[in-house]
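Visitor: Provided herewith is a single structure, encoded as structure tokens, for subsequent inquiry.
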Amino acid sequence: MSDFSFIPPTSVATIPGTHASAAFTTKTSEVFKEENDIAPIFINERMKYIPWGGDNHMPYNIINFIESDETLSTCQMFNAEVCYGSGLVYNTEQATERVRSEVDDFTSDNDIASYFLGVCQDFKHFGFCVSVIILNEDASRIVRIVRKQACYVRFAPADKSGVIPYILYANWRNTVSPENIERIELLNPQAPFTDLQTRSKKYKKFAVVSRIPTPDNTYYPIPYYAALFKGKWYDIKQLIGVAKEAKLRNSAPIKYHIEIANSFWNNIFKVEGITDRVKQQERVCQEKDNIINFLTGMENSGKVLFSTFYVSPNGEEQHDVVINKIETDKEGGDWATDIIEAVNMMCFTMRVHSNLVGSVPGKSQTNNSGSDKRELYTIAQALQKPYHDLLFGVHRLIMRFNKWQNVTPDCPFIQLTTLDENKDAKQVSLYKQGNNEDTDKQQ
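In structure tokens, the structure reads:
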């Protein structure tokens, strides 16, 4: 009963008897909050896992919030594309002909481009990614590498040594039966090569986790952009869009902002025993009407409510609902400076300069020169080196296990050039010998 995908994240309702509207939004500050004590969930004797969030739906809530905002989704894709650079390549310049042939066979049998862009997106969204390596029949060589989408991965509880023995992969959005769950042995991140040599005699498929080190060091890292949801700027930007839409549609300004936590609906459904999806929708609409009727009474009596909880019509306090009164002096066009401020704050948190993604609206604004933009783009790509080092771990493991000597993983980035170099861009590698050899490429 915790799937609220059918409930619109934002909606606008007209307050009867007034020239004003009320905006309903989801309470985003709790997306990274653990509503319950996190304890392992037991499936059977072979499988148990640590839920991701109190309801095990945290990654899907994060994805939903990202996809609900144009600036945030664009910044996330931009960060993934910058991390991708010119793509993952296996540098075989110093390798023998036999090794080159084996590497070519490996890269031909694996969709490296799709794999690498996928793990870059997982890295930027959730702070970790999962690669699965598959060995041949006699366990003498790694022949396949595939990406497992991070949002469908759940970690098993760590053993007494602090090592997570396996992961579970399934569509946790819905009720999952044991036969639809894939268990994959997880290599010890502290010594993956030694662990692979020891366990390859028994298993032929292993998961390798690439994780961004975070201060909290939990099972599931909390990404740096969590500040957007814990703060107010995500809600501010969403509310501005709702206010402008209400103003354009019916010339009724948004006077109240009602922020509702998903747990509020869940508690209502549990208390009243509502399990049918249609009846749940009807109950949501009924409760929204109750809130609107409450606000109508406030308007008629001339009261103003400032509180951290909602008082229902029957006098009960509901702390999962927050009603905020909004100043209605601003007209639709006067929100331009506010939306620019909100976009800039989001781009700042995502470490993306707004001019690089063209997300700053407005007719009059400062714009960087071409040289400044080239430098910003170069800086953005250069900052991906620590992420590449983490992502290359599984590939170094493959090269060592397959005994591919003088082969190294590489991810050249695209450096935009000036017109006097007679080319638009060139590829620059940070991992080649000498660390200063450029491969020019006419774009």
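All you need for this note's numbering is the position in the sequence shown, starting with 1, plus 642. The beta-carbon is built from N, C-alpha and C at its ideal position, and this holds for glycine as well.
In whole angstroms, what is the alpha-carbon distance linking Phe-684 and Gly-804?
Guide: Roughly 19 Å between the two C-alpha positions.
Visitor: Using 8 Å for Cβ pairs, my map puts Ile-981 next to Ile-882. What's the rounded Cβ distance?
Guide: Yes, Ile-981 and Ile-882 are in contact; Cβ-Cβ is about 5 Å, under 8 Å.
Visitor: Output yes or no for whether 7 Å exceeds the beta carbon distance between Thr-1050 and Asn-733.
Guide: In this structure, Asn-733 lies closer than 7 Å to Thr-1050 by Cβ.
Visitor: Can you look up Cys-1053 in the DSSP assignment and give me helix, strand or coil?
Guide: Coil at Cys-1053, not helix or strand.
Visitor: Alpha carbon to alpha carbon, how far is Pro-701 from Ser-1011? Give it in angstroms, no decimals.
Guide: Going by the C-alpha atoms only, they are around 38 Å apart.
Visitor: Please confirm whether Ala-833 and Ile-823 have their CB atoms less than 7 Å apart.
Guide: No, the pair does not count as a contact, with Cβ atoms beyond the cut-off.
Visitor: Is it buried or exposed, Glu-687, if we count other Cβ atoms within 10 angstroms and call 16 or more buried?
Guide: It is exposed - the Cβ of Glu-687 has fewer than 16 other Cβ atoms within 10 Å.
Visitor: Using 8 Å for Cβ pairs, my map puts Leu-1033 next to Val-761. What's the rounded Cβ distance?
Guide: With 8 Å as the limit, Leu-1033 and Val-761 qualify as a contact, their Cβ atoms being about 6 Å apart.
Visitor: Which term fits Ile-902, buried or exposed, when burial requires 16 or more other beta carbons within 10 angstroms of its beta carbon?
Guide: When all chains shown are included, Ile-902 counts as buried.
Visitor: Is the distance from the Cβ of Ser-728 to the Cβ of Pro-1054 below 7 Å?
Guide: Going by C-beta atoms, Ser-728 is nearer than 7 Å to Pro-1054.
Visitor: Work out the CA separation of Ala-792 and Phe-768 for me, nearest whole Å.
Guide: Going by the C-alpha atoms only, they are around 7 Å apart.
Visitor: Going by C-alpha distance, which of Asp-1031, Lys-690, Thr-713 and Asn-706 is nearest Gly-1000?
Guide: Of the candidates Asp-1031, Lys-690, Thr-713 and Asn-706, the one whose C-alpha sits nearest the C-alpha of Gly-1000 is Thr-713.
Visitor: Could you tell me how far apart the beta carbons of Cys-717 and Cys-989 are, in whole angstroms, since I believe they sit closer than 8 Å?
Guide: Right, the Cβ-Cβ distance comes to about 6 Å (below 8 Å), so this counts as a contact.
Visitor: DSSP on Asn-935, reduced to helix/strand/coil?
Guide: Note: Asn-935 maps to helix in three-state DSSP.
Visitor: Hey, quick one: how far does the alpha helix (DSSP H) through Tyr-808 stretch, first residue to last?
Guide: Careful: Tyr-808 lies outside any alpha helix (DSSP H), inside the beta strand (DSSP E) at 808 to 811.
Visitor: Thinking C-beta only, is Gln-736 closer than 7 Å to Asn-1044?
Guide: The answer is no: Cβ separation not under 7 Å.
Visitor: Please state the DSSP three-state secondary structure of Leu-1032.
Guide: In the structure shown, Leu-1032 sits in a helix (DSSP, three-state: H, G or I).
Visitor: With H, G and I counted as helix, E and B as strand and the rest as coil, what does DSSP make of Asn-733?
Guide: In the structure shown, Asn-733 sits in a strand (DSSP, three-state: E or B).
Visitor: I need the straight-line Cα distance from Gly-696 to Ser-905, nearest angstrom please.
Guide: Near 11 Å, if we compare the C-alpha coordinates of Ser-905 and Gly-696.
Visitor: Quick one: grab the DSSP three-state call for Leu-829.
Guide: Three-state DSSP puts Leu-829 in coil, outside helix and strand.
Visitor: Short check: CB of Ser-819 to CB of Gly-1035, under 7 Å?
Guide: Contact flag unset, no.
Visitor: Quick one: give me the first and last residue of the beta strand (DSSP E) that Arg-786 is part of.
Guide: Its beta strand (DSSP E) spans residues 784 to 790.
Visitor: Just verifying my parser: in three-state terms, what is the DSSP assignment at Lys-874?
Guide: Coil.
Visitor: Do Phe-797 and Ile-705 count as a contact pair if the criterion is CB distance below 7 Å?
Guide: For Ile-705 and Phe-797, no; Cβs fall outside 7 Å.
Visitor: What are the complete alpha helix (DSSP H) segments, minimum 4 residues, inside the region 688 to 758?
Guide: As far as the region 688 to 758 is concerned, its whole alpha helix (DSSP H) runs of at least 4 residues are 700 to 709, 712 to 726 and 739 to 750.
Visitor: Using the DSSP secondary-structure output, state which residues sit across from Val-795 in a beta bridge.
Guide: Tyr-811, per the DSSP bridge assignment.
Visitor: Please state whether DSSP places Lys-1005 in a helix, a strand or coil.
Guide: Unreliable placement is indicated for Lys-1005, whose pLDDT of 43 sits below 50; no coordinate value is reported for it.
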